[in-house]
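Protein chains in written order, with our numbering: chain A, 1 to 70; chain B, 71 to 462. Using N, Cα and C, we set each Cβ at its ideal position, and we do this for glycine too. See structure below.
In structure tokens:
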């Protein structure tokens with residue numbers, strides 16, 4: 001009997017994929033969301049984590065942006 | 071029945087969404103037939119002209135032979151569009167074969183238009199009556215000023231020196247979706263409202279006209295009459311004066327509203343009054359520009375550049391456009407698609423069949439042959455389930 005799992009298919013560049021993997025690793029076991037790592041640029045994750053991932057990436061990007069010193 | 075469902079993104083889509091009877095009535099106007107013909111995708115235009123003098127229906131199958139195999143999808147889009155606009159009418163014969171013929175009213179009018187040219191229901195007024203006609207530059211400045219005034223009132227009704235003649239209920243219709251109206255709070259711009267302000271004038275105009283037409287029924291006006299008048303208006307000559315007495319009551323009321331939006335300038339002579347179409351009116355059937363936010367921002371910068379800067383080529387410096395492009399790609403680094411993972415296939419055959427099926431419906435995202443796993447777009451989950459159930 002074929003089994004179907006609902007989730008999100010993520011495709012991105014290698015640095016972003018690594019970022020998501022390390023974010024996943026930092027979470028407690030009950031909150032880890034990566035279901036399968038498919039290859040260096042693709043993964044399958046649990047549904048409902050899209051916003052969390054995007055907001056984490058946005059924070060990372062803001063930290064990388066130059067802010068003129070006051 | 072047309073297979074493609076289109077959301078009204080431009081004037082012609084709105085025409086296409088009219089019910090059959092109204093559309094047939096619109097085609098009694100030769101200008102509308104011409105305007106609709108001009109709006110068609112190139113292949114559809116070709117088909118109309120090919121069939122213009124044919125009296126017998128042509129089978130769908132023989133029409134398919136008019137294109138090479140790699141043009142087939144364009145062919146389907148063209149035929150669907152023609153069906154949607156009721157330019158093509160479907161005929162099913164006893165053998166259950168589908169044939170198409172041109173809408174007879176449309177066909178008739180277009181043939182006449184080809185031979186006699188088109189004559190507007192009104193002529194421009196002679197210049198000895200219409201003294202003080204504005205120059206084209208003045209007209210353009212007027213149109214822009216009216217439009218900006220309207221936009222100002224739209225976004226912030228309290229700050230307006232010279233309010234338009236639109237009733238507050240009509241303004242509310244325009245503001246719906248652009249401003250958030252909470253109890254006892256000043257209305258604030260929504261995300262859509264912000265995007266609206268960045269769009270170029272034609273796109274903004276289309277949005278307002280669309281709302282104006284959609285809400286006309288509530289004001290007791292038949293939207294078909296408005297659409298018909300607006301299309302007719304786009305064939306008038308820019309800057310020429312046309313006598314107001316040639317308009318119906320409905321059209322006279324519409325003309326007052328359109329004057330507030332800058333499509334028309336009204337002037338009063340000693341005995342007669344006339345209306346002058348501006349560039350906004352003659353450009354009505356121009357379709358929307360690309361809506362990506364990067365393009366909107368760059369287009370906004372270009373349109374609102376200081377006059378001295380606007381003379382440079384390009385108006386917006388490359389380092390600015392490059393940075394905006396890089397910024398946009400950086401925001402889109404991760405692509406997230408809702409989907410389902412299918413595993414535990416009973417056999418390799420079922421797995422391969424499912425994979426082929428998913429590929430056929432353009433839903434296959436990932437195939438792992440070693441572990442017999444598939445990832446398919448979420449929208450196709452029901453189809454996948456039905457397919458797998460049929461495999462038993």
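Secondary structure at residue 33(A): coil, using DSSP grouped into helix, strand and coil. In the DSSP secondary-structure assignment, residue 312(B) is bridged to 194(B), 345(B). From the beta-carbon of residue 68(A), no residue of chain B is found nearer than 7 Å; the closest lies around 16 Å away. For residue 173(B) and residue 158(B), the gap between their C-alpha atoms comes out near 6 Å. If you look at residue 270(B), you'll find it isn't in any beta strand (DSSP E); DSSP assigns it neither H nor E. For residue 436(B), the uninterrupted beta strand (DSSP E) segment begins and ends at 434 to 438. For residue 405(B), no alpha helix (DSSP H) run applies; the uninterrupted beta strand (DSSP E) run containing it begins and ends at 405 to 413, by DSSP. At a beta-carbon threshold of 8 Å, none of the residues of chain B lie near residue 33(A); the nearest stands roughly 12 Å away.
In the displayed model, residue 170(B) falls within a strand according to three-state DSSP.
Under the three-pair Cβ rule at 8 Å, the stretch 312 to 327 of chain B does not count as touching the stretch 122 to 136 of chain B.
One finds 408 in chain B with Cβ atoms closer than 8 Å to the Cβ of residue 47(A), taken in chain order. DSSP places residue 400(B) in the helix class (H, G or I) of the three-state scheme. Annotation: residue 375(B) to residue 388(B) spans about 15 Å, alpha carbon to alpha carbon. Membership of residue 52(A) in the alpha helix (DSSP H) is indicated by the continuous run 50 to 64. A check of alpha carbon separations from residue 203(B) across 371(B), 441(B), 334(B) identifies 334(B) as the nearest. In this structure, the CA atom of residue 100(B) is about 8 Å from the CA atom of residue 176(B).
A check of alpha carbon separations from residue 42(A) across 16(A), 52(A), 65(A) identifies 16(A) as the nearest. With 16 or more other Cβ atoms inside 10 Å of its own Cβ, residue 347(B) counts as buried. Those residues of the stretch 393 to 421 of chain B placed with their C-beta closer than 7 Å to a C-beta in chain A are 400, 403, 404, 405, 406, 407, 408, 409, 410, 411, 412, 413, 414, 415, ordered along the chain. Apart from the 5 residues on each side of it in sequence, residue 295(B) sits with its Cβ closer than 7 Å to the Cβ of 320 in its chain, given in chain order.
Bridge pairing for residue 8(A): 45(A), 408(B) [DSSP]. Contact with chain A is absent for residue 450(B), since none of that chain's Cβ atoms lies less than 8 Å from the residue's Cβ. With fewer than 16 other beta carbons inside 10 angstroms of its own, residue 206(B) counts as exposed.
Rounded to the nearest whole angstrom, the CA to CA distance from residue 391(B) to residue 28(A) is 43 Å.
Using a C-beta cut-off of 8 Å, the stretch 277 to 293 of chain B makes no contact with the stretch 308 to 319 of chain B, since fewer than three inter-stretch Cβ pairs fall below that distance. Any Cβ of chain B closer than 8 Å to the Cβ of residue 11(A) would place that residue at the interface, and such an atom is present. When 7 Å is used as the limit between beta carbons, residue 50(A) is near these residues of chain B: 406, in chain order.
Per DSSP, reduced to three states, the secondary structure at residue 158(B) is strand.
The C-beta of residue 248(B) comes no closer than 8 Å to any C-beta of chain A.
Below 8 Å, too few C-beta pairs join the stretch 84 to 96 of chain B and the stretch 111 to 120 of chain B to call them touching: fewer than three. In this structure, DSSP gives residue 383(B) a state outside helix and strand, which the three-state scheme calls coil. Spatial neighbours of residue 167(B) in its own chain (CB-CB distance under 8 Å, excluding positions within 5 residues in sequence) are listed in chain order as 129, 130, 131. Annotation: residue 349(B) to residue 312(B) spans about 15 Å, alpha carbon to alpha carbon. By the C-beta criterion, the stretch 18 to 32 of chain A is judged not to be in contact with the stretch 442 to 449 of chain B, since fewer than 3 inter-stretch pairs fall below 8 Å. The three-state reading of DSSP puts residue 3(A) in strand, counting E and B together. Ranking 145(B), 179(B), 241(B) by CA distance to the CA of residue 103(B) puts 179(B) first.
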